[in-house]
Amino acid sequence: AQSVAQPEDQVNVAEGNPLTVKCTYSVSGNPYLFWYVQYPNRGLQFLLKYITGDNLVKGSYGFEAEFNKSQTSFHLKKPSALVSDSALYFCAVRDPNAGGTSYGKLTFGQGTILTVHP
Amino acid sequence: EAQVTQNPRYLITVTGKKLTVTCSQNMNHEYMSWYRQDPGLGLRQIYYSMNVEVTDKGDVPEGYKVSRKEKRNFPLILESPSPNQTSLYFCASSLLAGGLTNEQFFGPGTRLTVL
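Chains A and B, in that order, give the protein sequences.
Each residue of the first sequence is one higher than the last, beginning at 1 in this note's numbering.
Each residue of the second sequence is one higher than the last, beginning at 1 in this note's numbering.
Set out below in structure tokens:
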């Protein structure tokens with residue numbers, strides 16, 4: 001069964017500093033990985049995804065993420081945080097090799113609250 | 001404007017009173033899904049649909065029903081709601097071209113309270 005973990009409930013950084021939001025996953029083969037962001041009282045918005053190819057993927061709002069197969073991780077990063085980046089971040093995983101009724105499942109982590117202080 | 005709409009946005013109901021939350025998308029997406037969001041638990045998938053008349057259970061399907069009679073609509077039905085179904089519900093959709101590699105577009109959410 002596929003699963004994803006976000007080990008930190010909260011991450012606090014100062015504006016201008018680099019930020020990292022951690023994500024680890026478990027699937028039977030090669031995963032499809034996604035990051036979404038939820039701003040207060042809003043729905044989720046897509047940030048970036050890893051499907052195949054380059055381990056470093058770039059996304060919206062200056063975010064990037066690094067796929068590390070050996071560590072089964074897909075950490076979200078940004079070189080210089082902004083106060084406006086403060087939000088709830090979700091990592092999600094798909095197992096394209098899942099069979100039967102599990103094929104279309106998408107599993108989310110529990111979310112990480114990012115707070116960027118001025 | 002490309003969007004996923006949900007109705008109602010807020011609903012307070014009582015235990016056992018059947019309700020339906022509607023979801024509609026105007027992007028001609030094949031894939032649609034329902035999630036519930038609870039503090040500390042993140043988003044959990046309830047049901048998903050790969051196309052018209054094709055639905056499958058997610059991770060927490062108990063107490064919910066869905067149907068997909070038209071491509072654009074994917075209603076979530078609670079036949080006999082209970083207080084443990086109090087939650088924030090999101091509908092989402094995506095294209096299926098390229099397999100399941102595409103990102104999902106989310107609706108604004110429906111906050112349901114069951115008393």
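Where is the CB? At the ideal position from N, CA and C, for every residue including glycine.
Does residue i have its Cβ less than 7 Å from a Cβ in chain A?
{"i": "GLU103 (chain B)", "result": "yes"}
{"i": "TYR48 (chain B)", "result": "yes"}
{"i": "PHE74 (chain B)", "result": "no"}
On a Cα-Cα basis, can you pick out the residue from the options that is closest to residue i?
{"i": "PHE74 (chain B)", "options": "B:THR113, B:SER94, B:GLU103", "result": "B:SER94"}
{"i": "LYS69 (chain B)", "options": "B:ASN7, B:THR13, B:GLU30", "result": "B:GLU30"}
{"i": "LYS78 (chain A)", "options": "A:VAL116, A:SER26, A:GLN38, A:TYR39", "result": "A:VAL116"}
{"i": "ASN30 (chain A)", "options": "A:PHE63, A:GLN38, A:PRO96, A:TYR103", "result": "A:PRO96"}
{"i": "HIS75 (chain A)", "options": "A:LEU48, A:ALA87, A:ASN17", "result": "A:LEU48"}
{"i": "GLN2 (chain A)", "options": "A:VAL27, A:GLY43, A:GLY16", "result": "A:VAL27"}
{"i": "GLY63 (chain B)", "options": "B:GLN45, B:MET50, B:LEU115, B:SER82", "result": "B:SER82"}
{"i": "MET32 (chain B)", "options": "B:GLY42, B:VAL4, B:GLY40, B:ASP59", "result": "B:VAL4"}
{"i": "GLU103 (chain B)", "options": "B:LEU19, B:THR20, B:MET27, B:ASP59", "result": "B:MET27"}
{"i": "PHE106 (chain B)", "options": "A:ARG42, A:GLU8, A:LYS69", "result": "A:ARG42"}
{"i": "THR24 (chain A)", "options": "A:TRP35, A:GLN6, A:GLY111", "result": "A:GLN6"}
{"i": "TYR48 (chain B)", "options": "B:GLY40, B:LEU41, B:VAL66, B:GLY42", "result": "B:VAL66"}
{"i": "LYS17 (chain B)", "options": "B:ALA97, B:GLY58, B:ARG111, B:LEU78", "result": "B:LEU78"}
{"i": "GLY99 (chain A)", "options": "B:LEU76, B:ASP56, B:LEU115, B:LEU96", "result": "B:ASP56"}
Output, in chain order, the set of chain B residues within a Cβ distance shorter than 9 Å of residue i.
{"i": "TYR32 (chain A)", "result": "GLY99, LEU100, THR101"}
{"i": "PRO96 (chain A)", "result": "GLY99, LEU100, THR101"}
For residue i, return the contacting residues in chain B, with the cut-off set at a CB-CB distance below 7 Å.
{"i": "PHE90 (chain A)", "result": "GLY42, LEU43"}
Buried or exposed for residue i, going by 16 or more other Cβ atoms inside 10 Å?
{"i": "TYR61 (chain A)", "result": "exposed"}
{"i": "SER87 (chain B)", "result": "buried"}
{"i": "VAL93 (chain A)", "result": "buried"}
{"i": "ASP54 (chain A)", "result": "exposed"}
{"i": "ILE46 (chain B)", "result": "buried"}
{"i": "TYR10 (chain B)", "result": "exposed"}
{"i": "ASP85 (chain A)", "result": "buried"}
Please report how far the alpha carbon of residue i lies from the alpha carbon of residue j, in whole angstroms.
{"i": "VAL21 (chain A)", "j": "ASN12 (chain A)", "result": "10 Å"}
{"i": "TRP34 (chain B)", "j": "PRO108 (chain B)", "result": "12 Å"}
{"i": "LYS105 (chain A)", "j": "ASP38 (chain B)", "result": "18 Å"}
{"i": "LYS71 (chain B)", "j": "GLY16 (chain A)", "result": "45 Å"}
{"i": "TYR39 (chain A)", "j": "GLN6 (chain B)", "result": "18 Å"}
{"i": "THR22 (chain B)", "j": "PHE90 (chain B)", "result": "11 Å"}
{"i": "TYR32 (chain A)", "j": "THR52 (chain A)", "result": "8 Å"}
{"i": "GLY99 (chain B)", "j": "PHE63 (chain A)", "result": "25 Å"}
{"i": "THR20 (chain B)", "j": "MET50 (chain B)", "result": "20 Å"}
{"i": "GLN45 (chain A)", "j": "VAL37 (chain A)", "result": "5 Å"}
{"i": "GLY40 (chain B)", "j": "VAL52 (chain B)", "result": "33 Å"}
{"i": "SER73 (chain A)", "j": "GLU66 (chain A)", "result": "8 Å"}
Please confirm if residue i has its CB atom under 7 Å from at least one CB of chain B.
{"i": "GLN110 (chain A)", "result": "yes"}
{"i": "ILE51 (chain A)", "result": "yes"}
{"i": "PHE74 (chain A)", "result": "no"}
{"i": "GLY104 (chain A)", "result": "yes"}
{"i": "PHE46 (chain A)", "result": "yes"}
Below 7 Å on C-beta distance, what does residue i contact in chain A?
{"i": "GLY107 (chain B)", "result": "GLY43"}
{"i": "GLY16 (chain B)", "result": "Residues of chain A passing the Cβ test: none, with the nearest at roughly 29 Å."}
{"i": "SER82 (chain B)", "result": "Ordered by position in chain A, no residue passes the 7 Å Cβ test against SER82 (chain B), which lies about 23 Å from the chain."}
{"i": "GLY63 (chain B)", "result": "Within 7 Å Cβ-Cβ: nothing; GLY63 (chain B) doesn't reach chain A, min ~18 Å."}
Determine the chain A residues that contact residue i at a beta-carbon separation under 9 Å, and present them in chain order.
{"i": "TYR31 (chain B)", "result": "GLY104"}
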